[in-house]
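Quick note: the sequence shown uses this note's numbering, first residue 3, plus one each step.
Have a look at the structure below before the remarks.
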Amino acid sequence: MFNVLKKGGKFGLNINNMSNDQSVNYLLAKGLDSAEARSQAISSNISNINTAGYKRKYVTFEENLKNSIDNLELKTDDAKHIKMGNDYGAITTNTDSSTSMRSDGNNVDIEVETVNQAANELMYNALITLENNRLSMQKAVISGN
């Protein structure tokens, strides 16, 4: 995020942290995109609860992001040369091929989907709150309040 400096009653902006702000923007956007994809997968699962042979869908983002970060090579000639624009933390929708206790082969459990939906809504709301706070901070820096 922005590093706000207050000198003599005026606010300043430390532009050395701009790449950090870009990273925050990217992660917030990817987090919101993953919440949307997860919501669609959960909705699909719930709507297909009575479809014979249907296999539940799930979204992975956090695991992919962690793997991307773990494999990130940080060798650069200068601290300001971190490459931007790489697709870290891809959002993927997967099919759960596990077996089912049901005779029709459908492996959707409405209780699991309801819990996943509630958790996803909490995550979405938290990300929206973070984004709103970030935008409020930027507005305060720009307006000098």
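Ideal Cβ positions, reconstructed from N, Cα and C, are used throughout, including at glycine.
So what's F13 in DSSP terms, helix, strand or just coil?
Confidence at F13 is low in this model, with a pLDDT of 42, below 50, so the placement of that residue is unreliable and no value is reported for it.
Quick one: what's got a C-beta closer than 7 Å to D35's C-beta in the same chain, skipping five residues either side?
Excluding sequence neighbours, D35 sits near I93.
K57 and N109 look like a contact to me (Cβ under 8 Å); what is the Cβ gap, rounded to whole Å?
The pair is a contact, with the Cβ atoms about 6 Å apart (cut-off 8 Å).
Need the endpoints of the alpha helix (DSSP H) that V117 sits in, please.
112-145 is the span of the alpha helix (DSSP H), which, as asked, contains V117.
Using DSSP with H/G/I as helix, E/B as strand and the rest coil, what is Y28?
Looking at Y28 - three-state DSSP - the assignment turns out to be helix.
According to DSSP, what are the bridge partners of N96?
Beta-bridge pairing links N96 to Y60.
Please say whether L129 and G33 have beta carbons closer to each other than 7 Å?
Cβ distance < 7 Å, so G33 and L129 count as in contact.
Smallest Cα separation from Q42: which of Q24, V61, L29, S25?
Comparing Cα-Cα distances from Q42 to each of Q24, V61, L29, S25, the minimum goes to V61.
Can you grab the Cα-Cα spacing for the pair S25 / N47, in whole Å?
Approximately 32 Å, taken between the alpha carbons.
Check I51 in the structure and name its three-state DSSP category.
In the structure shown, I51 sits in coil (DSSP, three-state: anything other than H, G, I, E or B).
Any idea if S145 is buried or exposed, counting beta-carbon neighbours within 10 angstroms, 16 or more meaning buried?
That one is exposed.
Can you find the residues in the same chain that come closer than 7 Å, C-beta to C-beta, to N27, ignoring five residues on each side of it along the sequence?
Excluding positions up to five away in sequence, the list is empty.
Flag this pair as yes or no: are the beta carbons of G91 and N66 separated by less than 7 Å?
A contact, by the Cβ cut-off of 7 Å.
Look at the alpha carbon of N135 and the alpha carbon of S105, and state the distance between them as a whole number of angstroms.
Spanning the two alpha carbons is a distance of roughly 49 Å.
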